[in-house]
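Position in the sequence shown counted from 1, then plus 161, gives you my numbering.
Below: one structure, written as structure tokens.
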Amino acid sequence: MSESREVLLVMHPDRETTKDAAREVATRFAEAGIGLRVIDAEVKELIEHDALAELCTLVASTDDPARGAELVLVLGGDGTLLRAAELARPAGVPVLGVNLGRVGFLTEADSDALTETVQRVVSREYTVEERMTIDVTVSVDGRVVARTWALNEASVEKSTRERILDALIEVDGRPVSAFGCDGVLCATPTGSTAYAFSAGGPVIWPDVEALLVVPSNAHAMFSRPLVVSKDSVITVGIDPFGSPAVLTCDGLRHIALPRGARVEIVAGETPVRLARLHPGPFTDRLVHKFALPVKSWRERHAR
Numbered sequence: 162m163s164e165s166r167e168v169l170l171v172m173h174p175d176r177e178t179t180k181d182a183a184r185e186v187a188t189r190f191a192e193a194g195i196g197l198r199v200i201d202a203e204v205k206e207l208i209e210h211d212a213l214a215e216l217c218t219l220v221a222s223t224d225d226p227a228r229g230a231e232l233v234l235v236l237g238g239d240g241t242l243l244r245a246a247e248l249a250r251p252a253g254v255p256v257l258g259v260n261l262g263r264v265g266f267l268t269e270a271d272s273d274a275l276t277e278t279v280q281r282v283v284s285r286e287y288t289v290e291e292r293m294t295i296d297v298t299v300s301v302d303g304r305v306v307a308r309t310w311a312l313n314e315a316s317v318e319k320s321t322r323e324r325i326l327d328a329l330i331e332v333d334g335r336p337v338s339a340f341g342c343d344g345v346l347c348a349t350p351t352g353s354t355a356y357a358f359s360a361g362g363p364v365i366w367p368d369v370e371a372l373l374v375v376p377s378n379a380h381a382m383f384s385r386p387l388v389v390s391k392d393s394v395i396t397v398g399i400d401p402f403g404s405p406a407v408l409t410c411d412g413l414r415h416i417a418l419p420r421g422a423r424v425e426i427v428a429g430e431t432p433v434r435l436a437r438l439h440p441g442p443f444t445d446r447l448v449h450k451f452a453l454p455v456k457s458w459r460e461r462h463a464r
């Protein structure tokens, strides 16, 4: 008896281009005898018009939908992939992204390579790499009030635009710097090319095991980004007499932070697994995604 294979599809159901891509994916997987799981009833409905209905299963997002699946296939940009990672991480299932958004730094393939991507999934022509995550703990008056995690970054930011956030950064229990700011970002190497990069942080190669701290619009002489050991404990303390704040992880999970709250960030215990089609170095991905010029001025303007 042949092995049963299933893939969980995660996508934006309200984009026409994404719908077209989903129909193609469903049709090709059905032809290959691969079952398709979806977590959105609307997606299931549009797919069933073009694929075998019995191979498309609707699963609840609260019921560990990736458990037992071979892969989580993402149609969309990095935001959609981060949402998929939230579903895939508990089950240890790899995530493969097809970029239908803008930069799509986490995604592996562009939309014009969709057919090839599906075929390589069918043929199991992909590798899997693990990406470091961070675990985040919020405490108030010494009492833990929330726990969460992130693949890209945990962002502690002011909760109202007109106020300044007074924050104290500690590393391994020692104070480093206190200042007023818009926020403080704590990122993984994977997240160094996302929000942290936009805030002025450095790009860190994903195989470097480190944590990144990037102050956002700090009112201070010393507010440079910090790169610390993966074994370090980073703490962002909110002034008990200042303004409240909000913690946001990967732009998905939000926690209100009262005055005096402390946010502790450490390397995560559970990684996110990303499927890769192209074994090339990260340098090539960086140049491609950001369209970086790699020729000298003289080469680009040679007559």
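The C-beta atom is built at its ideal place from N, Cα and C for all residues, glycine as well.
Is it the case that the Cβ atoms of ALA348 and ASN313 are separated by a distance below 8 Å?
Yes; because the gap between Cβ atoms is below 8 Å, this pair is in contact.
My understanding is that PRO336 touches LEU346, with C-beta atoms under 8 Å, so please give their C-beta distance in whole angstroms.
The Cβ separation is near 19 Å, so there is no contact.
Helix, strand or coil: which one does DSSP assign to PHE340?
Residue state, collapsed to three classes: strand.
Suppose contacts are defined by Cβ-Cβ distances below 8 Å. Is VAL394 in contact with GLU425 by that definition?
It is a contact, given that the beta carbons lie within the stated cut-off.
Could you tell me if LEU453 is buried or exposed, where buried requires 16 or more neighbouring beta carbons within 10 angstroms of its beta carbon?
Label assigned to LEU453: exposed.
At which residue ranges does the region 197-267 contain complete alpha helix (DSSP H) runs of 4 or more residues, listed in the order of the chain?
Runs found: 202-209, 239-249.
Going by other Cβ atoms of all chains shown within 10 Å of its Cβ, with 16 needed for buried, is VAL305 buried or exposed?
With fewer than 16 Cβ atoms within 10 Å of its Cβ, VAL305 is classed as exposed.
Helix or strand or just coil, what does DSSP make of ARG184?
DSSP places ARG184 in helix when its eight states are reduced to three.
Under the rule that 16 or more other beta-carbon atoms within 10 Å means buried, what is HIS173, buried or exposed?
Counting Cβ neighbours within 10 Å, HIS173 comes out buried, since at least 16 surround it.
In chain order, what residues of the same chain lie with their CB nearer than 8 Å to the CB of GLY229, ignoring the 5 residues before and after it?
Around GLY229: GLU167, ALA252.
So for VAL394, helix, strand or coil by DSSP?
VAL394: coil per DSSP, three-state reduction.
Going along the chain, which residues of its own chain have a beta-carbon closer than 7 Å to the beta-carbon of LEU232, five neighbours each way excluded?
For LEU232, where only same-chain residues beyond five positions count, the Cβ hits under 7 Å are VAL168, VAL254, PRO255, LEU257, VAL282, ALA436.
Could you say if the region 407-424 and the region 436-445 meet the contact criterion of at least three C-beta pairs nearer than 8 Å?
Touching, no, given that fewer than three Cβ pairs across the two stretches are closer than 8 Å.
Along the chain, where does the alpha helix (DSSP H) containing ARG446 start, and where does it finish?
Looking at the DSSP string, the run of the alpha helix (DSSP H) that includes ARG446 is 443-451.
Please confirm whether ALA371 and VAL389 have their CB atoms less than 8 Å apart.
Cβ atoms of ALA371 and VAL389: closer than 8 Å.
Taking Cβ to Cβ, would you say THR294 is nearer than 8 Å to ARG414?
In this structure, ARG414 does not lie closer than 8 Å to THR294 by Cβ.
For ARG322, which residues from the same chain have a beta carbon less than 6 Å from its beta carbon, with the 5 sequence-adjacent residues on both sides left out?
Excluding residues within five positions, none has a Cβ falling inside 6 Å.
Assuming LEU261 and VAL171 are in contact, meaning their beta carbons sit under 8 Å apart, how far apart are those beta carbons, in whole angstroms?
With 8 Å as the limit, LEU261 and VAL171 do not qualify as a contact, their Cβ atoms being about 12 Å apart.
Do LEU219 and ALA191 have their C-beta atoms closer together than 8 Å?
No, they are not a contact pair.
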